[in-house]
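The sequence shown begins at 1 in the UniProt record's numbering and counts up one residue at a time.
The C-beta atom is built at its ideal place from N, Cα and C for all residues, glycine as well.
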Amino acid sequence: MNRILTAIILSLFVVTGYITYLVHERQSELQKFTRYTDSWSMSQMVSEYMRLESRLAGMAIGAEGADHDEVRLRLEIMMSQIELLQEGDLGKFINKSEQRKTVVATLIRNLHLLDKQVDTMTPEQVRQILPVLSELDGPLTSIAAATLTQDINIVNITHDKIQHLYYIYSVISILLIAMCITLGLLMLRQNNNLRRAHVRMKTLANDLQASKEKLQVQNRRLQYDAYHDSLTGMPNRLSFWQRLQEIVNQVRPYKGCAVVMLFDLDSFKDVNDTLGHDAGDKLLQDLASRLSFFRKTSETLYRLGGDEFAMLSYDLTEEMALERANVIREKISQPYQIYDAQINIDACIGIVISDGESRTDYLYKCADLALYEAKKEGSGHVQIFRPGMLQRLQENKSFEDDLLQALAHDEFKVYYQPIADTVTREILRL
């Protein structure tokens, strides 16, 4: 399609250029019609020459009005036309024939001779010069006739050429019109193709936009799923770590504190074992709904997995954190109605306040250690992390390692072995 359009456009340029050439040729041929003025000029000169002879004849016989002034006027007219016989196309025509050149030369010589004598000529002298002038009547008339014949031939030839040029011009005009129509049809077809392509592109763009929006929805859904618990809809462990780092970075410039609380439900395994996992899942969902309902804007609740939950806050004192933890524990301990069964559970809570500490993993470890200490004290207890807890943990760990090492190297000596009742733990004998 593009090649055809290019070929047509180039052809239009060529045809337009050729039409310009034809117009130039036509103008050149039309200019040849001006040669017809040469025959008219020659005829006028012959006519003036005859009038000059007529005035001289009248002067010879003394006719009224045929005086020297009248003859001088006619002679001046003839003298002014001599240049036409020597220049231009008429001069070229005369110079093509020796006979015509001789006649013109004789005419010029006679006119110059008459110009010198006309003012002083007597009637007798006029009668003597008239035969000399009359000898040129025939040759001058022949030249005028030949000039007219040549002009007529040139006019006929030029007319034929112009007719031929008009024929070519008409054919090219028809061809040009046909090419313009073809170009217009091709342009319409091209526009239709472009319109259809535009519609397809618009449809494709709409499809891409719809796919993009769908992908964005899916990405948002995936991102939501990546940062939220699928059962309760609460933020998950990944979101917990991200938010904890944000809070630590947020409070660091003004030396604030981040607060981490870890909750662990008591006897949740018993619920799963007695009522089933569906009841356990429903209990977790109701618990999440209850916690989310009364949380503050500065608090964020998370389900870390299983029956373990967490809450992040900031800028709380130890007393405020303990008070808030007890409120949460009381809310958790309120009865739940699950599948026509009333369930009562409690929770242990471990708390850590950053107090300048910026290591998130260390804060979590401390909160977990506080939770461990709370669970050691029994159901429904709350503990705030103390440095001594970590020290005792390290000591216990070291003691366990030492015991394992001693067992591996057989370093224990048994001096006596008490036998105890496993139920009452009463020592029965040694």
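Does residue i come out as helix, strand or coil in the three-state DSSP assignment?
{"i": "Asp-361", "result": "helix"}
{"i": "Phe-309", "result": "strand"}
{"i": "Tyr-372", "result": "helix"}
{"i": "Gly-350", "result": "strand"}
{"i": "Arg-35", "result": "The predicted model places Arg-35 with a pLDDT of 48, which falls under 50 and marks its position as unreliable, so this point remains unresolved."}
{"i": "His-228", "result": "strand"}
{"i": "Ala-63", "result": "coil"}
{"i": "Tyr-254", "result": "coil"}
{"i": "Phe-240", "result": "helix"}
{"i": "Met-234", "result": "coil"}
{"i": "Phe-399", "result": "helix"}
{"i": "Phe-412", "result": "coil"}
{"i": "Ile-345", "result": "coil"}
{"i": "Leu-316", "result": "coil"}
{"i": "Tyr-339", "result": "coil"}
{"i": "Arg-72", "result": "helix"}
{"i": "Gln-391", "result": "helix"}
{"i": "Val-423", "result": "coil"}
{"i": "Gln-383", "result": "strand"}
So, is the C-beta of residue i closer than 8 Å to a C-beta in chain D?
{"i": "Gly-58", "result": "The structure shown has no chain D; it contains just one protein chain."}
Of the residues the options, which one's Cα is nearest the Cα of residue i?
{"i": "Leu-56", "options": "Asp-355, Met-45, Val-71 and Thr-297", "result": "Val-71"}
{"i": "Val-251", "options": "Val-126, Ser-354 and Leu-262", "result": "Ser-354"}
{"i": "Pro-335", "options": "Ile-328, Arg-329 and Ile-343", "result": "Ile-343"}
{"i": "Leu-52", "options": "Val-132, Val-103 and Arg-425", "result": "Val-132"}
{"i": "Glu-357", "options": "Ala-63, Pro-123 and Gly-256", "result": "Gly-256"}
{"i": "Val-104", "options": "Pro-123, Met-121, Lys-116 and Leu-84", "result": "Leu-84"}
{"i": "Gln-117", "options": "Ile-108, Lys-92, Asp-151 and Ile-129", "result": "Ile-129"}
{"i": "Ser-333", "options": "Ala-420, Cys-348 and Gly-276", "result": "Cys-348"}
{"i": "Arg-237", "options": "Lys-282, Leu-176 and Gly-306", "result": "Gly-306"}
{"i": "Arg-3", "options": "Gln-190, Asp-225 and Arg-429", "result": "Gln-190"}
{"i": "Thr-122", "options": "Leu-428, Ala-60, Ile-154 and Ala-420", "result": "Ala-60"}
{"i": "Asn-326", "options": "Leu-262, Asn-219 and Pro-387", "result": "Leu-262"}
{"i": "Lys-101", "options": "Leu-428, Val-248, Asp-281 and Leu-136", "result": "Leu-136"}
{"i": "Leu-75", "options": "Asp-346, Ile-94 and Leu-113", "result": "Leu-113"}
{"i": "Ala-288", "options": "Pro-235, Ser-267 and Ser-313", "result": "Pro-235"}
{"i": "Phe-293", "options": "Met-50, Ile-328, Ile-384 and Glu-411", "result": "Ile-328"}
{"i": "Thr-120", "options": "Asp-266, Asp-67 and Gln-337", "result": "Asp-67"}
{"i": "Phe-240", "options": "Arg-425, Tyr-227 and Asn-153", "result": "Tyr-227"}
{"i": "Leu-390", "options": "Ala-370, Val-382, His-381 and Asp-401", "result": "Ala-370"}
{"i": "Tyr-49", "options": "Ser-134, His-198 and Val-423", "result": "Ser-134"}
Quick check: what's the CA-CA separation for residue i versus residue j?
{"i": "Arg-196", "j": "Thr-6", "result": "22 Å"}
{"i": "Met-311", "j": "Ser-398", "result": "31 Å"}
{"i": "Asp-270", "j": "Ala-408", "result": "37 Å"}
{"i": "Gly-88", "j": "Ile-143", "result": "16 Å"}
{"i": "Gln-417", "j": "Asp-278", "result": "47 Å"}
{"i": "Gly-184", "j": "Ile-172", "result": "18 Å"}
{"i": "Trp-40", "j": "Leu-148", "result": "8 Å"}
{"i": "Leu-111", "j": "Met-79", "result": "7 Å"}
{"i": "Tyr-36", "j": "Lys-92", "result": "Residue placement at Tyr-36 is poorly supported in this model, since its pLDDT is 49, which falls under 50; the coordinates still yield a value, given next. Using only the alpha carbons, I get a separation of about 14 Å."}
{"i": "Lys-96", "j": "Ala-178", "result": "49 Å"}
{"i": "Leu-222", "j": "Ser-211", "result": "16 Å"}
{"i": "Arg-109", "j": "Gln-150", "result": "26 Å"}
{"i": "Val-259", "j": "Leu-244", "result": "9 Å"}
{"i": "Met-187", "j": "Arg-200", "result": "19 Å"}
{"i": "Thr-297", "j": "Glu-246", "result": "16 Å"}
{"i": "Ser-43", "j": "Glu-98", "result": "20 Å"}
{"i": "Gly-280", "j": "Gln-209", "result": "43 Å"}
{"i": "Asp-225", "j": "Asn-249", "result": "25 Å"}
{"i": "Pro-387", "j": "Glu-323", "result": "21 Å"}
{"i": "Tyr-166", "j": "His-159", "result": "10 Å"}
{"i": "Pro-253", "j": "Arg-359", "result": "15 Å"}
{"i": "Asp-207", "j": "Asn-219", "result": "18 Å"}
{"i": "Thr-203", "j": "Asp-266", "result": "59 Å"}
{"i": "Asn-396", "j": "Asp-368", "result": "16 Å"}
{"i": "Tyr-362", "j": "Asp-401", "result": "22 Å"}
{"i": "Asp-346", "j": "His-381", "result": "9 Å"}
{"i": "Leu-176", "j": "Ser-170", "result": "10 Å"}
{"i": "Gln-405", "j": "Tyr-364", "result": "30 Å"}
If I'm right that residue i touches residue j with Cβ under 8 Å, what's the distance once you round it to whole angstroms?
{"i": "Gly-350", "j": "Ala-374", "result": "6 Å"}
{"i": "Val-46", "j": "Leu-107", "result": "With 8 Å as the limit, Val-46 and Leu-107 do not qualify as a contact, their Cβ atoms being about 10 Å apart."}
{"i": "Glu-308", "j": "Asp-264", "result": "6 Å"}
{"i": "residue 432", "j": "Leu-301", "result": "Residue 432 lies beyond the residue range present for the chain, which begins at 1 and ends at 430; the question has no answer from this structure."}
{"i": "Arg-303", "j": "Asp-229", "result": "4 Å"}
{"i": "Ile-384", "j": "Glu-330", "result": "Actually they are not in contact, since the Cβ atoms of Ile-384 and Glu-330 sit about 17 Å apart, beyond 8 Å."}
Let me check you understand the geometry: is the CB of residue i closer than 7 Å to at least one non-hydrogen atom of the ligand GTP?
{"i": "Tyr-364", "result": "Judged by which ligands are present, the structure shown has none, so any question about the ligand GTP falls away."}
4 or more residues per run - each alpha helix (DSSP H) lying fully within the region 84-169
88-95, 98-117 and 123-134
Which whole runs of the beta strand (DSSP E) in the region 251-302 are 3 residues long or more, in chain order?
258-266
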